[in-house]
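For the sequence shown, the working numbering assigns the number 101 to the initial residue and increments by one for each residue that follows.
All C-beta atoms in this analysis are idealised placements derived from N, C-alpha and C, irrespective of residue type, glycine included.
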Amino acid sequence: SAARVSQFAPPTTPAFKMMSFRLTVRAAARQAMVPQGARTMSAWDHLEMGPADPILGVTEAFKADKNPKKINLGVGAYRDDDGKPFVLSSVRKAEHVISEENRDKEYSPIGGGADFCKLSAELAFGENSPVITSGSYVTVQSISGTGALRICGEFLNKFFKFPKKKLIHVPNPTWGNHLPIMRDSKIEPIFYSYYNPETCGLDFDGMMGDLSNLEKGSAVMFHACAHNPTGVDPSPEQWPEISQLVKENGLFPVFDMAYQGFASGDCDRDALGLRTFIDDGHKPLLCQSFAKNMGMYGERIGAFTVVTDDAAEADRVNSQLKILIRPMYSNPPINGARIAATVMGTPELRKEWMGEVKVMADRIITMRSMLKSNLTRLGSTRDWEHVTNQIGMFCYTGMTAEQVASLAADHSIYCTKDGRISMAGVTSGNVEYLASAMHDVTK
101 SAARVSQFAP
111 PTTPAFKMMS
121 FRLTVRAAAR
131 QAMVPQGART
141 MSAWDHLEMG
151 PADPILGVTE
161 AFKADKNPKK
171 INLGVGAYRD
181 DDGKPFVLSS
191 VRKAEHVISE
201 ENRDKEYSPI
211 GGGADFCKLS
221 AELAFGENSP
231 VITSGSYVTV
241 QSISGTGALR
251 ICGEFLNKFF
261 KFPKKKLIHV
271 PNPTWGNHLP
281 IMRDSKIEPI
291 FYSYYNPETC
301 GLDFDGMMGD
311 LSNLEKGSAV
321 MFHACAHNPT
331 GVDPSPEQWP
341 EISQLVKENG
351 LFPVFDMAYQ
361 GFASGDCDRD
371 ALGLRTFIDD
381 GHKPLLCQSF
391 AKNMGMYGER
401 IGAFTVVTDD
411 AAEADRVNSQ
421 LKILIRPMYS
431 NPPINGARIA
441 ATVMGTPELR
451 KEWMGEVKVM
461 ADRIITMRSM
471 LKSNLTRLGS
481 TRDWEHVTNQ
491 IGMFCYTGMT
501 AEQVASLAAD
511 HSIYCTKDGR
521 ISMAGVTSGN
531 VEYLASAMHD
541 VTK
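What follows is the structure in structure tokens.
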């Protein structure tokens, strides 16, 4: 090449000029051989339009609707009783504290903020948990719950000793993003029985039967609380049975905890399932999100934890997690971690935050009760007990795709076609209209 020639001949010598001329002639000849139409062909002209996100489609239809009574029950983000986004006072105060401290904007460590990671683990397992006091865990900051799950998938793919094929067993149904996250991590998700459409509740017998038949060493994902999309959780009496079965069959638990505190209003109560497994000697993986319980959706703040045999194993795992994370996104953002750590680590802010979490959870619980009572008052003959039995942001109403379509076409109420509604979109001002519409389409 001309670059190689230039190492031996100055650019003014005849040899260099001759080589440059030959390269120019060859390049022109190659270009002439390319058909005229192909010269402007895009490298991406073979790509097809991807399918639209189902939640985005609901939102777009809602925005285009001119009915002043329209309701959007598709988006999974908390709203106050006026239907407005809600920024927690404790979060605002933490932001002010951080601003006053005039902190720098240097890179975060690969694993994220140390204070945030420690406080996140303590929130999940309890400050006095043996996991915490023994140091037999490692927590890294993630890009919200989605990022935690992706780290989880990559960690399993690279290090977990699957029985045969790389499979992870997930409840049917599960959060839609679980499937592509795991598949992109080269792990195939397989459903186990979970939801019973006839009762709109938990298919406990089916679940236990499916888990009993799994091969020893199989990875199983559980929603720690406020199951998305159904709002159906195991009872406090059922969690120990599940834990014991998982232990007896040698299964490996993975917990996704996106709603701690947001389900019941009590962070300790919502961690019951996870802590039951810890008490029984399991060493699970844990994915956390602070989007819902701190209202920090756009800050993208979460955590991924590996529970280990001891502190020495935690150090080894931590070293491999850093190697795994480094080429993915190098290190996580600092702002959300600083806010969350300030809220959790400042006694007065933590107390205020716990109160605000309860306010959010209680509002949703109240809306469930009001929706059910209005349906009963309207004379609906259907059993709507599941509306109040379910918990968390979402309610699996039991409405069919046809009924959901009628709800949108006739009443300007929008939700996903599986009948899932976001209870955060229900307010004291629209709950009667929603009940009337649901009664109309389910008669």
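The straight-line gap separating the alpha-carbon atoms of T239 and I290 is approximately 27 angstroms. Just so you know, the alpha carbons of L475 and D145 end up roughly 52 angstroms apart. C495 carries a strand assignment under DSSP once its states are collapsed to helix, strand and coil.
In this structure Y294 is buried. Its beta-carbon is surrounded by 16 or more other beta-carbon atoms within 10 angstroms.
The C-alpha of D483 is placed about 16 angstroms away from the C-alpha of Q503. For F377, the enclosing alpha helix (DSSP H) starts and ends at 372-379. Beta-bridge analysis with DSSP links F355 to F322, L386. The beta carbon of Y207 sits closer than 7 angstroms to those of N431, all from its chain and outside the five residues before and after it, given in chain order. Beta-bridge partners of I251 (DSSP): none assigned.
Under a 10 Å Cβ-count criterion, N228 is classified as exposed, with fewer than 16 other Cβ atoms of the shown protein chains found around its own Cβ.
Note on geometry: alpha-carbon atoms of K166 and I513 lie some 12 angstroms from one another.
For P289, the beta-bridge partners assigned by DSSP are I268.
Residue range 411-429 is occupied by the alpha helix (DSSP H) that includes Q420. DSSP lists T239, L386 as the bridge partner or partners of T405. About 16 angstroms separates the beta carbon of C252 from that of F377, a gap too long to meet the 8 angstroms contact definition. In this structure, the beta-carbon distance from G235 to A371 does not fall below 8 angstroms. Cα atoms of R375 and L351: separation of roughly 17 angstroms, rounded to the nearest angstrom. For Y294, the secondary structure class from DSSP, reduced to helix, strand or coil, is coil. Only exposed fits M141, as fewer than 16 other CB atoms lie within 10 angstroms of its CB.
With a threshold of 16 other beta carbon atoms within 10 Å, R468 meets it and is buried. In the three-state DSSP reduction, R400 falls in the coil class, being neither helix nor strand. Remark: C-beta atoms of S343 and G245 do not approach each other more closely than 8 angstroms.
Taking the C-beta atoms as reference points, M308 is found no nearer than 8 angstroms to V270. Taken in chain order, the complete alpha helix (DSSP H) segments of 4 residues or longer contained in the region 439-478 are 447-477.
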